[in-house]
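Chains P and E, in that order, are what the protein sequence lines are. So for the first sequence, this note's numbering puts the first residue at 438; every next one is plus one. So for the second sequence, this note's numbering puts the first residue at 713; every next one is plus one.
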Amino acid sequence: MASTLLLGVAAVNTGNNLLFLIVSAMLGFMAVSGILGWLNIRGLSVSVRFPDELYAGTPTQVLIRIENKKKLLPSFLVTATVSGNPTSFILLDPGKPQTGSLLLAFPERGLQSVATAVISSPFPVNFFVRFTRAGVDGRCTVFPAPRAWSGPFAAGKPGSGQASSSTAKGYDGDLAKISDYRGGESLKLIHWRLSAKHEVFKVKEMTATADEPVLLELDLIPGNSLDQRLSACAYLVNRLIKGGRPVGLKLGERVLAPAASRLHRLALLGELAVYGKD
Amino acid sequence: MVRIKSVLGALTVCIALIGYLPLQPYLGPFARWFFPVSLAVGLYLQKRGSVVSGRILTPLSIALFLYFASGFTMDRLILITADLLVVFLAIRMLGERSGRNCLQVFALALFCLAASSLYSLSALFLIYLLLLLLLLAVSLVILTFHAHDAEIVLSKSDLKKALSVSALMPAASLPILLFLFVLLPRTQFPLWDFLNRSAPKTVGFSDKVDPGGSASVSEVKSVVLRAICARVPEEMLYWRGIVLNGFSGNAWVRLPTPPERSRRIERGVGVHQEIYPEPSTNPYLLSLNIPRSLSGARYQESEDKVFAAQRAPDKRVKYDAESTLSEAIAVPGGIDREFYLTLPETVSERLRAKGRELSRPGLGTQEKLKLLERFFREQRLSYATSGLPTGADPLDAFLFVKKRGNCEFFASSLATLLRLAGVPSRLVGGYRGGSYNEMGGYYLVTEDLAHVWVEAYQEGRGWLTVDPTAWSIGFSHREGAAQRMRTYLDAVGFYWNKAVVIYDLEKQLALVRTAGGKARSLRLPAGWWRPVGRYALVALSLAALLALYLRRPGSAQERVLKRFLRAVRKRYPLASVEQGGLFALAEKVDDPQLREFVAIYGAALYRDRRLQPEELERLNGLVGRVGTHLP
């Protein structure tokens, strides 16, 4: 830029047409590079894919999918910035979507949305960085940040006295009875000592461990504020369901029946995320 | 895979070379050698993976700057600047190839090219400029990648894409370049005119004729002027420059002309010329003999039809001249005879005798001229540019002893003899001949065509043009095949000068004026739309046909095959139809769908018939299945 100005002054003052030619060339080049830079960040569609679990304040990897919708022109050196976190793509061919990832942390629980991504690129000439905004329309539910809390469930691990056995057969419960080997049992279950005394193999039949369902009542969980209680609750939901224990939730008057599946856990966390936000 | 860093390194070297080459002939010896040496050392060091540290280069730059700056004078401004630019460029080639340094190299190369335009206005500049523009565009893009990540590695195809998009930039900026070049405002008078002073040239044409000054004259083939005009008969092709009317010792020089009043030349063929002289130190504006008027330059006209510019055309200019191809300049009021009868300091006895012989009463000017022509022819004088007479009385030696000489000898001996015979005479300096460029419609006059002829005064008629050189043996103007070869190259240079170098503000305004005038005075004849409509219709239908031809759908057969191959490639990436043909492919892959497709397609193909609609439908179905159901 400065050199164009300098040459421009020289050209005007010397009346040398060849200098005018250089200046015209540089101005033309600037104009074209401006247009090319503008085109470079046009026609890009960006979408965000959040993971299933997002906790407030915890950086989580988010996928950014970007597609060049132009017909011919590839886009170069594109950086997509979502909520202040950038991810870069060297080359985007037309019609070939690419995925990048970035770490994103939401400070607040609840329904959150990312409306726009900032697309920027220094291409073609690294003198300016051009920006544009692209709608991403990403919505996600941010769960309360889990707060480690040791309450009555601190030792709630299987076999610690809290677990109770179910009537179903299993591998890790108590010994229910001894029966004959029927060909399908695990070798682990063969009672070798008894088998030695009999003609057939004897196998142990164990009960499956099954924990007693827990109903967490938000109002009874200690904490200075609602958010602290929610955080503690989220921690317990994760901890207990991951430990195989069915967990239910009582939020005010609403009761969610205990269950131990992953989907149930996400549903509970979702409830905690939006509790009191309406 | 290609490392961006190495691409950038190679491009930087190319750009530095384009900066250096156009300036190279004008550099001082130090800068001229410093650059290639630095470049070689830089490349060698880079190959070994090391660079000269900035702690050495920065003091070196400062020291060299001080060294060059110490020799600074206003006259040497350009020279020193050019040297410094190249020296800095050379130093940059030794250092690290960081993004910042590369940018400095680009800027310095651009400045070097700009500086070269102050030395030479040749059309070669355009080639350098376009090349530099292309390389700069590509390099700046590569530099952007480099700035993103210095260690970036691109696949060859990605690099190709990046390079082709960046090469688009200079291509797209060309129309803008032309547009801006026409539009950018010019000042009427350059403020930094001292930058434009070009080096003086050796001139064949001079304002002093001193035959015998040297034994030979060298013929320089450099261009003096180009003149756009109609073709003129060869024998009338005299370009008038200067009139030498008196003596300084024995040499003919131009003395202030005595007051006389020449009449406007009415008779004869008028020729309009658009003259583009090359820069020179000689202020005389040349035009076809005999010039009537000049326009487009500031000049002073003398009575003897000499047009002297107020300053030498040291940069490219253009002027228009009106001439009449006539053999005499009428001077109704008569002339200062005494002034035109003055003799040189030394005139040999033989010459005086000859003069006395001619000055006998009863002989008119025409008779005297005839007698002199006979005398010259009888002497069998030959035209030569080497082995010329020298010594105390070269004219005597020319006429009576050596009998060879160039136009200066012929003209000055004739003029002296005429004066001895009582006929006022003077020498006219200029050029004789010129090669006509059919392509450009202009005459090219070169320095080797410099010529001197004589004007003799005849009472009642005025100054008559006499060219005694034509009376010699072997005087002819040669136009060889090589000359013709040169005309094409010259035409390129000529149009470069005409369109670019002397382009000016007035021309810009004139362009606007004529365009505006034309638009205003556009009168369409009644019924103009009929032929226009007809042409438009023809053009439109041609365009439609062309569009149809270009966008013709490939036959259904071709399309299904294309889709099939695409689907196969996707499903069996390792199988390739290039290695054997469709049947071989079906054999190799052993897929019933493929085999069926090939059987139907092959049956139609090898029996040279088109596919039936139901066959086509079946094939399309097969392709769909090959494409979607992955094994």
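Yeah, the Cβ is synthetic: ideal placement off N, Cα and C, and Gly gets one too.
For residue j and residue i, the rounded distance between their alpha carbons
i	j	result
asparagine 661 of chain P	arginine 567 of chain P	47 Å
glycine 1045 of chain E	threonine 1036 of chain E	21 Å
glycine 474 of chain P	phenylalanine 466 of chain P	12 Å
leucine 1317 of chain E	leucine 1328 of chain E	13 Å
methionine 713 of chain E	asparagine 563 of chain P	23 Å
glutamine 1269 of chain E	isoleucine 1312 of chain E	11 Å
alanine 722 of chain E	tyrosine 756 of chain E	13 Å
leucine 700 of chain P	leucine 709 of chain P	14 Å
leucine 1000 of chain E	glutamate 947 of chain E	12 Å
leucine 822 of chain E	valine 936 of chain E	31 Å
proline 561 of chain P	alanine 468 of chain P	12 Å
glycine 532 of chain P	leucine 1277 of chain E	21 Å
proline 1171 of chain E	glutamate 1039 of chain E	A small fix is needed here, since residue 1171 of chain E is glutamate in this sequence, not proline. The straight-line gap from Cα to Cα measures roughly 14 Å.
leucine 1323 of chain E	glutamate 504 of chain P	39 Å
serine 992 of chain E	alanine 1021 of chain E	12 Å
leucine 875 of chain E	arginine 546 of chain P	47 Å
lysine 641 of chain P	arginine 682 of chain P	25 Å
serine 926 of chain E	leucine 778 of chain E	45 Å
phenylalanine 565 of chain P	glycine 471 of chain P	9 Å
glutamine 1091 of chain E	leucine 1084 of chain E	10 Å
threonine 1128 of chain E	arginine 1072 of chain E	16 Å
alanine 911 of chain E	aspartate 870 of chain E	Reliability of the predicted coordinates at alanine 911 of chain E is poor, the pLDDT of 40 falling under 50, and no value is obtained from them.
leucine 1053 of chain E	glutamate 1120 of chain E	19 Å
glycine 761 of chain E	arginine 702 of chain P	59 Å
Supposed contact pair residue j and residue i - C-beta distance, whole angstroms, cut 8 Å
i	j	result
alanine 819 of chain E	serine 440 of chain P	5 Å
tyrosine 1143 of chain E	valine 1157 of chain E	5 Å
asparagine 454 of chain P	phenylalanine 513 of chain P	Actually they do not touch by this definition, with Cβ atoms about 35 Å apart.
glycine 1145 of chain E	leucine 1161 of chain E	5 Å
tryptophan 964 of chain E	leucine 1139 of chain E	5 Å
valine 865 of chain E	threonine 724 of chain E	At roughly 18 Å, the Cβ-Cβ gap does not stay under 8 Å, so valine 865 of chain E and threonine 724 of chain E are not in contact.
alanine 671 of chain P	proline 581 of chain P	5 Å
leucine 896 of chain E	valine 460 of chain P	7 Å
phenylalanine 893 of chain E	asparagine 994 of chain E	Contact doesn't hold; Cβ gap of about 30 Å is too wide.
aspartate 1108 of chain E	leucine 1063 of chain E	6 Å
leucine 801 of chain E	alanine 462 of chain P	About 19 Å; that fails the 8 Å criterion.
valine 719 of chain E	isoleucine 888 of chain E	That pair is no contact at about 27 Å.
valine 981 of chain E	alanine 1009 of chain E	The pair is not a contact, with the Cβ atoms about 24 Å apart (cut-off 8 Å).
Element boundaries [beta strand (DSSP E), containing residue i]
i	result
glycine 1008 of chain E	Segment: none, glycine 1008 of chain E is in no beta strand (DSSP E) and carries neither H nor E.
tryptophan 964 of chain E	963 to 965
glycine 1174 of chain E	1174 to 1178
phenylalanine 526 of chain P	522 to 529
proline 989 of chain E	981 to 989
threonine 1158 of chain E	1154 to 1158
Pair within 7 Å by beta-carbon distance, residue i and residue j
i	j	result
methionine 643 of chain P	leucine 612 of chain P	yes
serine 525 of chain P	threonine 516 of chain P	yes
glycine 811 of chain E	histidine 858 of chain E	yes
isoleucine 1041 of chain E	glycine 1174 of chain E	yes
alanine 542 of chain P	proline 496 of chain P	yes
valine 485 of chain P	glycine 575 of chain P	yes
aspartate 922 of chain E	isoleucine 954 of chain E	no
leucine 833 of chain E	alanine 794 of chain E	no
leucine 652 of chain P	valine 674 of chain P	no
alanine 1123 of chain E	tryptophan 1183 of chain E	no
leucine 677 of chain P	arginine 666 of chain P	no
leucine 880 of chain E	tryptophan 951 of chain E	no
phenylalanine 959 of chain E	proline 1056 of chain E	yes
phenylalanine 1051 of chain E	proline 970 of chain E	yes
Opening and closing residue of the alpha helix (DSSP H) in which residue i lies
i	result
histidine 628 of chain P	Segment: none, histidine 628 of chain P is in no alpha helix (DSSP H) and carries neither H nor E.
asparagine 661 of chain P	Segment: none, asparagine 661 of chain P is in no alpha helix (DSSP H) and carries neither H nor E.
glutamate 1329 of chain E	1325 to 1340
histidine 635 of chain P	Unbroken run through histidine 635 of chain P: none, as it is neither H nor E.
Cβ-heavy atom distance, residue i to the ligand FAD, below 6 Å
i	result
alanine 1315 of chain E	Absence of the ligand FAD is noted for the structure shown, with no ligands found whatsoever.
Next on the checklist: In chain order, what are the residue ranges of uninterrupted beta strand (DSSP E) at least 3 long that sit wholly in the segment 745 to 812 of chain E?
Outcome noted: none
Next on the checklist: Restricting to runs no shorter than 3 residues, where is the beta strand (DSSP E) found entirely within the segment 1087 to 1113 of chain E?
Outcome noted: none
Item to check | Those runs of the alpha helix (DSSP H) which lie wholly inside the segment 1027 to 1063 of chain E and span at least 4 residues | outcome: 1049 to 1052
Item to check | Unbroken stretches of the beta strand (DSSP E), 3 residues or longer, contained in the segment 466 to 527 of chain P | outcome: 481 to 486, 497 to 505 and 512 to 519
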